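A.B. asks:
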């Protein structure tokens, strides 16, 4: 049992990991074909992994409803939205769920309607709320507490003014300065970060392949 | 006085922001927009495709949450493509993208009287992030056997000869997340070397400059400002250009807040 | 009833009256599209009520939308992949139209289904095989591509001749910046002396780039707000 | 399957031969007729999946204007020969494809074409693998032409892509360093420098106790499988042992039940170690909300109601970072943040007293936990950074003095 639940996954990760590295260097058609097949596999497994997310979200809210946790009514609302949308998914303009997606537009089809008027409206509104908080934070908390923070704020102001039409009205140098900041010092720092992050990604990948890192496997006992 | 000003209810600030955005929109001012280098190079690349009567792959990798930023960009790009008779194949790499992609494709397609299946095709969403790109590169039909409505690709005039990513003259990704940096560049552009560019939300734009200098990307449209610049190039002012006056005003307000706040901070510290 | 309740009821009433006027004036059509705009406007305002304070209206809108979005994401996976590819091709297996290569599709399908055992106490260990495949293969594919796209391709454009020109100067600044940032994230030596000075330079570069990100993020959030305000003023109220 | 020598080696040897022959050609071209085509060779195109052969020949500088090279291909020596490729007289120098033919000067003195298909009697035919093809190269100008001797080659799929040699060498080196340091870390304690943020953390905790107010620890949004969350838990351990020691109250909020239970165990263990198991209360570690904004709003509520003396935000944050940091700083608390979410860092830097940026978070976690896999990775990555720094500095200097060796080594193909 320990072999199946602990050793075998590590062997599987090792095999596919080493294979994934090796196949990159082999141009032979047989290897490329295998890479195509594995990419397809990854795609399919990925599709199922969304079901995992779906289950954990629904389960989380179900537990809250069942245990009557404070605010469980809101969790019920998740089910209302989900159920409503699922009705249209299953109905699919009368074609049923075992058919390609129906072609109706938002005016004809409840599925598109909900997407356009509920999902898009809510989703983009959510993040636009942050615009207000940014303004309030700009007023009250974005402080040049240190010389570094001062530099950050100056760069931010130059970029904010340089990237909108008003910047050119203030001075023609404002857009030019913003352009330079983005293309030279910003590029340098972002590249430095990218190189560091890439080394980190390689290290993490190696740890996964060689079974040193197992936390992604889950199951609690690692 | 300063202390009192610093402690005003933040809801008053919220009202300021709302007015700063709403008033310029109501006033309908259009400020002149000067396209930047990276946006012009995207435009030039599309022009080059048009001269060769080529075909582009448009990848929609954004969702509902960034619709106000990304949809104007998609609209401007498609207007350019359709006005120059560039054929467009659209795919979605984000699960929330299909509804948005389809809407803009049909809207601009109708505007220019384009025929589905001949001038453009919509292949819908495939889960798998980078794996979809890898799969498309090896065998396009393996990744997308049918279009969004279940028609096999070999039955569409536009897609019947497409075998791999190499068959596209240009790939353009509209991104709100990792897709440009971590899917398209390492899994697509790296191997097949097609001309590649992207449009992204402003949040991500500064991260992508290293790829412009290394020529892994031809150009970049960053956020609503990038979309507005593209609208200017295409010669059709739309939502992005209209938003730029509000954007300018709002930026001025935020800058003023930062300056005022810091002045107060230093004055109070000196005491 | 508290003051907030009155405010809330007042706003709901106002919203109803405004929509009544809009419908009566023909700004909004009495069809699905008109109803959609009203619903979207209502939800937008409900979410903005968070600005006043966290309240039930906000939470209801937030949770309904989470539910709708979850179902939408599921459906896109279903129509195109789980039904459109997996189900269709597997159910044709053995039949006349079946493609011999499709037998291979059983493997990822089984791996995908095993993933769903994660929440079972008894069979949870089976999901580890799927994760091992998925994460292991992903890790393997990443390494050579990371080296090619993010290390080699990023280093090469810096290894160019320096010259007495603007380009040369910019290249020099980039070189200094990249090295300084790498030194800042170097943990094997104490940040004193020369290393300390270089890492200070690294912080400055980082701060400028954070400033750029900061400015751009503000721009992004405001763009979203502009989009929503445009919706409210134009699509809903029709006054733009 | 034959063993292929590295492509650049083929190129170099081959080009050496061509270069030495070039003089002869110049002598011939003076006579008014078309120059002869020298050193024609055909071979399997290296580094590919097959179905392609490559034809190379020496460059002639005396090609008349409008001269074109035409390649014909046949399946037998007798023919029939079909047109396969046509290029302008001065085109396709080998220097255009250094990944195949190398960077040497000789690459300027030879041409190449890759043939993958030809116009057969019944349409376009692709080349097949393991089949011998006969190739005849001709130079045409007006109605004159010269022919090169017929050469043969067969296409094959290759088993190693020599263009990726730099990639595999660098990958191997980095892997060796990272795995080597991890195994080294298992046997002895490796040195990493003090992390400034941890000192700032201690100071903040000290001040919080002096004020007699609680400390609030806020987790990021990601789940327990993420490195940033693991790092946050490691740092929480340190925070908890300090609050236990100083007898300060600690509140921990998490967005996820698993992160919460792991945090409870960590805090309990720290209190136990500090000899204060009595001071630990499970209710002080809780899930504040599960949706992004609800979590932020609930946490803001705690900040405003309980007025903690210090807010410690660790892990991966999204847009809610702004809400947290903004409310947090207006309450006047000391704020310490640590995140690898680079997009959120600007907000933390401007609203917090100290911020652990990116890898500093991992380093702090490794420093505190002394776990070999974390310490070893960090050291291995440091070695990688050292290599990159050396390559950048040296490569740029060499390129400036016109020795682009390192530039070529670091060019991805």
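Protein chains in written order, with the numbering used here: chain A, 123 to 344; chain B, 1123 to 1393; chain C, 38 to 277; chain D, 136 to 548.
All C-beta atoms, glycine included, are put in the ideal place defined by N, C-alpha and C.
Everything numeric in this text was worked out from a predicted model, so none of it was measured.
Could you work out which residues of chain C lie near residue 241/A, taking near to mean beta carbons separated by less than 7 Å?
C.D. replies: Walking along the first chain from the start, residue 241/A turns up at place 119. What residue 241/A touches in chain C: 102, 105, 106 and 109.
A.B. asks: At 8 Å on the CB atoms, spell out the chain D contacts of residue 234/C, in chain order.
C.D. replies: As a position in the third chain, residue 234/C is number 197, starting the count at 1. Near residue 234/C there are no residues of chain D at all, since even the closest Cβ is about 15 Å away, more than 8 Å.
A.B. asks: Inspect the beta-carbon positions of residue 216/D and residue 204/D and report whether they are closer than 8 Å.
C.D. replies: If you number the fourth chain from 1, residue 216/D lands on position 81. If you number the fourth chain from 1, residue 204/D lands on position 69. Not closer than 8 Å, so no.
A.B. asks: For residue 247/C, which residues in chain D fall below 7 Å Cβ to Cβ?
C.D. replies: On the third chain, position 210 is the one that residue 247/C refers to. Within 7 Å Cβ-Cβ: 480, 481 and 484.
A.B. asks: Got a sec: is the Cβ-Cβ distance from residue 324/A to anything in chain D below 8 Å?
C.D. replies: Mapped onto the first chain, residue 324/A falls at position 202. True, the Cβ-Cβ gap to chain D drops below 8 Å.
A.B. asks: Flag this pair as touching only if the segment 499–510 of chain D and the segment 390–397 of chain D have three or more C-beta atom pairs under 8 Å; answer yes or no.
C.D. replies: Flag = no, the segment 499–510 of chain D and the segment 390–397 of chain D do not touch.
A.B. asks: Give the DSSP-derived three-state secondary structure of residue 412/D in the structure shown.
C.D. replies: Here residue 412/D is taken as the residue at index 277 of the fourth chain, counted from 1. Residue 412/D: helix per DSSP, three-state reduction.
A.B. asks: Which chain D residues are close to residue 201/A, counting only those with a beta carbon under 8 Å from its beta carbon?
C.D. replies: To locate residue 201/A, count along the first chain from 1; it is residue 79. Near residue 201/A there are no residues of chain D at all, since even the closest Cβ is about 14 Å away, more than 8 Å.
A.B. asks: What residues in its chain sit with their C-beta under 8 Å from that of residue 1386/B, if we drop five residues either side in the sequence?
C.D. replies: Position 264 of the second chain, counted from the start, is the residue given in the question as residue 1386/B. Cβ within range, chain order: 1124, 1127 and 1128.
A.B. asks: Please confirm if the segment 275–285 of chain A is in contact with the segment 1144–1152 of chain B, defined as three or more CB-CB distances below 8 Å between the two stretches.
C.D. replies: Because the criterion of three Cβ pairs below 8 Å is not met, the segment 275–285 of chain A and the segment 1144–1152 of chain B do not touch.
A.B. asks: For residue 419/D and residue 386/D, I'd like the C-alpha separation in whole angstroms.
C.D. replies: Taking the fourth chain and counting its residues from 1, one reaches residue 419/D at position 284. Taking the fourth chain and counting its residues from 1, one reaches residue 386/D at position 251. Roughly 5 Å separates the two Cα atoms.
A.B. asks: What three-state label does DSSP hand residue 487/D in the structure shown?
C.D. replies: In the fourth chain, residue 487/D corresponds to position 352, counting from 1. In this structure, residue 487/D counts as coil in the three-state DSSP scheme.
A.B. asks: By Cβ distance below 8 Å, which residues in the same chain neighbour residue 324/A in space, the five residues on each side in sequence not counted?
C.D. replies: Position 202 of the first chain, counted from the start, is the residue given in the question as residue 324/A. If we look at residue 324/A and ignore the five residues flanking it on each side, it has no Cβ neighbours.
A.B. asks: Check whether chain B comes within 8 Å of residue 186/C, counting only Cβ atoms and requiring the distance to be less than that.
C.D. replies: As a working mapping, residue 186/C is identified with position 149 in the third chain. Closer than 8 Å to some Cβ of chain B, the Cβ of residue 186/C qualifies, so yes.
A.B. asks: Which bits of chain F does residue 275/A rub up against, with CB to CB less than 8 Å?
C.D. replies: The structure shown contains no chain F; the protein chains it does contain are A, B, C and D.
A.B. asks: Which residue wins for smallest C-alpha separation from residue 180/C, given the options 263/D, 299/D, 172/D and 280/D?
C.D. replies: Here residue 180/C is taken as the residue at index 143 of the third chain, counted from 1. For residue 180/C, the nearest C-alpha among the options comes from 299/D.
A.B. asks: Quick test of your reading: residue 1186/B and residue 245/A, contact by CB under 8 Å. State the CB separation rounded to the nearest angstrom.
C.D. replies: As a first step, residue 1186/B is located in the second chain; it is residue number 64 there, counting from the start. As a first step, residue 245/A is located in the first chain; it is residue number 123 there, counting from the start. Contact flag correct, Cβ pair sits at about 4 Å.
A.B. asks: Between the beta-carbon of residue 277/A and the beta-carbon of residue 256/C, is there less than 8 Å?
C.D. replies: Locating residue 277/A in the first chain gives position 155, counting from the first residue. Locating residue 256/C in the third chain gives position 219, counting from the first residue. No, the pair does not count as a contact, with Cβ atoms beyond the cut-off.
A.B. asks: Would residue 1239/B and residue 1180/B be called neighbours here (beta carbons separated by less than 8 Å)?
C.D. replies: Working through the second chain from its first residue, we reach residue 1239/B at position 117. Working through the second chain from its first residue, we reach residue 1180/B at position 58. Not closer than 8 Å, so no.
A.B. asks: I need the DSSP call for residue 192/D, collapsed to helix, strand or coil.
C.D. replies: As a first step, residue 192/D must be located in the fourth chain, where it is residue number 57. Residue state, collapsed to three classes: strand.
A.B. asks: Please tell me whether residue 513/D and residue 366/D are closer than 8 Å, where the distance is taken between their beta carbons.
C.D. replies: Indexing the fourth chain from 1 puts residue 513/D at position 378. Indexing the fourth chain from 1 puts residue 366/D at position 231. Their beta carbons are not under 8 Å apart, which means residue 513/D does not touch residue 366/D by this criterion.
A.B. asks: Residues of the segment 1350–1376 of chain B with a CB closer than 8 Å to any CB of chain C: list them in chain order, please.
C.D. replies: Correct list: 1361, 1364, 1365, 1368, 1369, 1372, 1373 and 1376.
A.B. asks: Using a C-beta cutoff of 8 Å, does residue 541/D count as contacting chain A?
C.D. replies: In the fourth chain, residue 541/D corresponds to position 406, counting from 1. Residue 541/D does not count as touching chain A.
A.B. asks: Which class does residue 165/C belong to by DSSP, given the choice of helix, strand or coil?
C.D. replies: Along the third chain, read from residue 1 onward, the residue named residue 165/C stands at position 128. Residue 165/C: helix per DSSP, three-state reduction.
A.B. asks: Identify whether residue 235/D lies in helix, strand or coil by the three-state DSSP scheme.
C.D. replies: In the fourth chain, the residue the question calls residue 235/D occupies position 100. Three-state DSSP puts residue 235/D in a helix.
A.B. asks: Which stretch, first to last residue, makes up the beta strand (DSSP E) that contains residue 252/D?
C.D. replies: Numbered from 1 along the fourth chain, position 117 holds the residue referred to as residue 252/D. Unbroken beta strand (DSSP E) run through residue 252/D: 252–255.
A.B. asks: If you follow the beta strand (DSSP E) that residue 218/D is part of, which residue opens it and which one closes it?
C.D. replies: If you number the fourth chain from 1, residue 218/D lands on position 83. Note, residue 218/D: beta strand (DSSP E), 217–223.
A.B. asks: Quick check on residue 1137/B: buried or exposed, where buried means 16 or more other Cβ atoms within 10 Å of its Cβ?
C.D. replies: Here residue 1137/B refers to the residue found at position 15 of the second chain. That one is exposed.
A.B. asks: Answer yes or no: does any C-beta atom of chain B fall closer than 8 Å to that of residue 159/C?
C.D. replies: Position 122 of the third chain, counted from the start, is the residue given in the question as residue 159/C. No, residue 159/C does not count as interfacial toward chain B.
A.B. asks: According to DSSP, is residue 471/D part of a helix, a strand, or is it coil?
C.D. replies: Taking the fourth chain and counting its residues from 1, one reaches residue 471/D at position 336. Residue 471/D falls in the strand class under three-state DSSP.
A.B. asks: Go ahead and pull the three-state DSSP assignment for residue 179/C.
C.D. replies: As a first step, residue 179/C must be located in the third chain, where it is residue number 142. Residue state, collapsed to three classes: helix.
A.B. asks: Against chain D, with Cβ distances strictly below 8 Å, would residue 1340/B count as a contact?
C.D. replies: Counted from its first residue, the second chain places residue 1340/B at position 218. No, no contact with chain D.
A.B. asks: So which residues on chain D does residue 258/A lean against when the C-beta distance must stay under 7 Å?
C.D. replies: Walking along the first chain from the start, residue 258/A turns up at place 136. Per Cβ cutoff of 7 Å: 461.
A.B. asks: What separation, rounded to the nearest whole angstrom, lies between the Cα atoms of residue 50/C and residue 221/A?
C.D. replies: Against the third chain, residue 50/C aligns to sequence position 13. Against the first chain, residue 221/A aligns to sequence position 99. When rounded, the distance between both Cα atoms is 43 Å.
A.B. asks: If contact is defined by three or more beta carbon pairs under 8 Å, each pair taking one atom from either stretch, is the segment 1155–1166 of chain B in contact with the segment 1330–1343 of chain B?
C.D. replies: Short answer: they touch.
A.B. asks: Anything in chain C within Cβ reach of residue 535/D, meaning under 7 Å, just list it in chain order.
C.D. replies: On the fourth chain, position 400 is the one that residue 535/D refers to. Near residue 535/D (Cβ distances below 7 Å), the residues of chain C are 198 and 199.
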